[in-house]
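So for the sequence shown, my numbering puts the first residue at -17; every next one is plus one. Idealized CB from N, CA, C, for every residue including glycine.
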Amino acid sequence: MQVPDSLLKKYNVPVPRYTSYPPANHFSDDFNGNNYGDLLIESNMLQPELISIYIHIPFCNKMCYYCGCNMCLAGDKHLIKPYIQALKKEITMVAAHLEKNRKVAQIHYGGGTPNSINSEFIKEINEYLFNTFEFIDKPEIAIEAHPGHLDEKYITDLKKAGFNRFSMGIQDFDPDVLKAVNRDPARMPVHELMHLMRSDNPEVAINLDFIYGLPLQNPASFVETMEKAVKLQPDRLVTFSYAHVPWIKKQQEILEKRGLPSTETKMEMFLAAYHFLIHAGYHAIGLDHYVRENDELYIALQNKQLHRNFQGYATRRTTGQVYAFGMSAISQTENGYAQNEKDTKTYIDKIETGHYATVKGMHVSPEQIKVREVITHLMCNKEFDWQEMADKLGITQEKLKTIVQPDEAAFSMFEKDKLINPKANGFEVTEMGALFIRNIAAALDPAYKEQKQKYSKSV
Ligand SMILES: C[S@@+](CC[C@H](N)C(=O)[O-])C[C@H]1O[C@@H](n2cnc3c(N)ncnc32)[C@H](O)[C@@H]1O
Ligand code: SF4
-17 MQVPDSLLKK YNVPVPRYTS YPPANHFSDD FNGNNYGDLL IESNMLQPEL
33 ISIYIHIPFC NKMCYYCGCN MCLAGDKHLI KPYIQALKKE ITMVAAHLEK
83 NRKVAQIHYG GGTPNSINSE FIKEINEYLF NTFEFIDKPE IAIEAHPGHL
133 DEKYITDLKK AGFNRFSMGI QDFDPDVLKA VNRDPARMPV HELMHLMRSD
183 NPEVAINLDF IYGLPLQNPA SFVETMEKAV KLQPDRLVTF SYAHVPWIKK
233 QQEILEKRGL PSTETKMEMF LAAYHFLIHA GYHAIGLDHY VRENDELYIA
283 LQNKQLHRNF QGYATRRTTG QVYAFGMSAI SQTENGYAQN EKDTKTYIDK
333 IETGHYATVK GMHVSPEQIK VREVITHLMC NKEFDWQEMA DKLGITQEKL
383 KTIVQPDEAA FSMFEKDKLI NPKANGFEVT EMGALFIRNI AAALDPAYKE
433 QKQKYSKSV
């Protein structure tokens, strides 16, 4: 696949990432803990009934200059113990409002760096969750881990604590790239870490995360990193496009001085990695995820059942309303979002005084829920059928179109540019169109207006 520069220029405009709908910049500061309490109670009455839990551990030992996550540095480590106490208290506060017969299908630890803190703390939280909730058979228990802080003991501890999916942030195998972005490399060879994760339990799954668009990277060097990755046979692989938002993450300015690759080079890196991974037998999921043939996400994609939440892609089996705990964590219920305080100390203080730490969020209207279904389906399954979606939502096609207000001029342009292939009641996204799927989604988003500067570019 060759992507003409003219298309890159035309479509590389700021658009939402659509990891949620409505996007997080629609959250209101007027949304408070009382509103979150209402969402919790309402969430028992709405589908899906499964529970997905997100635990945010903000602590990191060192700041990677590219980082776009909500994290806090080692200087705040005296806060770890009180933070774990606050997490447990928040879990108790939320669980009190959830129906006891609802089961947990997924726990996801993200950060920051969950494995920068003593493994005993992680075990303590998991045990607390196991004692608080009912679980489905074989729930997914996942952790985002920095390979710079993993060793045999830590991995053994995590497995004993119940983890069966590990995501390791490799970013790039080239030590010079890691040095340029102030990131520590893996502490042990990655294949040894993976061997330790998989030993004794063949059901353990491993994801490796990479970023393209960093200083010193070029298409050839990134393919070398992909070659090394494929030799390790991860179950899933993610190539994140570096999101450059220095107006929010000031430390990213340092990378501008070190020289960021151009948009064209970034696209070449993406395509080089894409071709290499597809040739190596991986299948693309969404924009940037790659999985093997037997992966449940690929099977869900083929059955048009792929779904996603803030934590990433999911199957209907593991997708539930997400109850998120910790600083900056965003809960996603059927009809709303609630985000916690982003300052770690303030988060602890609020929870310890018996209040939710909610600082913003929103109720999602019945119309917005329908648009969300449309956009999530498109972003995950790369096709769209008005009649099928209308049937699923229990309304007519005409009504759905009135709600979504599709941008017909944009769709004619997508067709002309071969980003979509029309079909009887909708369209399929072409291989090239998948690169610009955020732009296609924006044409189905009635709220996408003049907020362009608030989003990172689509490539
Ligand atoms: C919370 S981190 C993972 C855990 C751990 N902190 C680490 O760095 O390994 C989640 C992932 O987000 C990705 N990431 C972070 N900042 C990013 C950015 N600005 N653009 C794109 N991806 C980013 C990285 O690939 C990282 O592995
Ligand atoms: S990328 Fe990970 S380790 Fe690096 S600063 Fe961000 S959260 Fe911390």
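Bounding residues of the alpha helix (DSSP H) (the contiguous stretch that carries residue i)
i        : result
Pro228   : Per DSSP, Pro228 belongs to no alpha helix (DSSP H) and is neither H nor E.
Ser(-12) : -13 to -7
Lys286   : Taken as a continuous stretch (DSSP letters only), Lys286 belongs to no alpha helix (DSSP H), as it is neither H nor E.
Ser394   : 390 to 398
Phe258   : 245 to 261
Asp182   : No alpha helix (DSSP H) contains Asp182, which DSSP labels as neither H nor E.
Met371   : 368 to 375
Distance, residue j Cα to residue i Cα
i        : j        : result
Leu442   : Glu174   : The structure shown has nothing for residue 442, since the chain only spans -17 to 441.
Leu(-10) : Gly415   : 11 Å
Phe13    : Asn276   : 42 Å
Val273   : Ala262   : 11 Å
Val494   : Phe145   : No answer is possible for residue 494: the residues shown for the chain start at -17 and end at 441.
Thr301   : Phe204   : 32 Å
Leu140   : Leu426   : 42 Å
Asn322   : Asp20    : 15 Å
Arg165   : Ile35    : 28 Å
Lys(-8)  : Lys120   : 46 Å
Thr247   : Val(-15) : 12 Å
Gly318   : Ile99    : 31 Å
Ile123   : Phe117   : 11 Å
Asn407   : Glu102   : 54 Å
Environment of residue i [buried if 16+ CB atoms lie within 10 Å]
i      : result
Asp367 : buried
Glu432 : Only weak support is given to the placement of Glu432: the predicted model assigns it a pLDDT of 48, under 50, and the question is left unresolved by the model.
Val356 : buried
Asn442 : Here the chain has residues from -17 to 441 only, and residue 442 is not among them.
Val163 : buried
Gly443 : Residue 443 falls outside the range modelled here, since the chain spans only -17 to 441, and no answer is possible.
Gln435 : Any reading at Gln435 must be qualified, since the residue scores a pLDDT of 46, below 50, and its modelled position is unreliable; the value itself is stated next. The residue is exposed, with fewer than 16 neighbouring Cβ atoms inside 10 Å.
Glu72  : buried
Ile230 : exposed
Nearest-angstrom Cβ-Cβ length linking residue i and residue j, presumed shorter than 8 Å
i      : j      : result
Gly338 : Met75  : The residue you asked about is not Gly; residue 338 is Tyr in the sequence shown. The pair is a contact, with the Cβ atoms about 7 Å apart (cut-off 8 Å).
Phe192 : Thr221 : 5 Å
Val86  : Ile33  : 5 Å
Thr358 : Ser25  : Going by Cβ atoms, the distance from Thr358 to Ser25 rounds to 18 Å, so no, they are not a contact pair.
Cys51  : Gly93  : 7 Å
Gly151 : Glu126 : 7 Å
Gln207 : Asp154 : Here the sequence assigns Thr to residue 207, which means Gln is not the residue at that position. Thr207 to Asp154, Cβ: 5 Å. Contact.
Ile444 : Ile89  : Residue 444 cannot be examined here, being either before or after the span of the chain that is shown, -17 to 441.
Ala143 : Ile104 : 6 Å
Start-to-end residues for the beta strand (DSSP E) that takes in residue i
i      : result
Ala320 : 318 to 322
Ala124 : 116 to 127
Asp191 : 187 to 194
Asn403 : 402 to 405
Asp166 : No beta strand (DSSP E) holds Asp166; DSSP gives it neither H nor E.
Glu209 : That residue, Glu209, is in no beta strand (DSSP E); its alpha helix (DSSP H) goes 201 to 213.
Evaluate contact between the region 381 to 392 and the region 297 to 312, counting only Cβ atoms and requiring at least three cross-stretch pairs below 8 Å.
no
Quick check: the region 7 to 23 against the region 47 to 63, are there 3 or more CB pairs under 8 Å?
no
Is it a yes or a no for the region 74 to 90 touching the region 342 to 356, going by three-plus beta-carbon pairs under 8 Å?
no
Using 8 Å as the cut-off, can you tell me whether the region 223 to 241 makes contact with the region 281 to 292, which would need three or more C-beta pairs spanning the two stretches below that distance?
no
With three or more beta-carbon pairs closer than 8 Å as the criterion, would you say the region 264 to 273 touches the region 207 to 223?
yes
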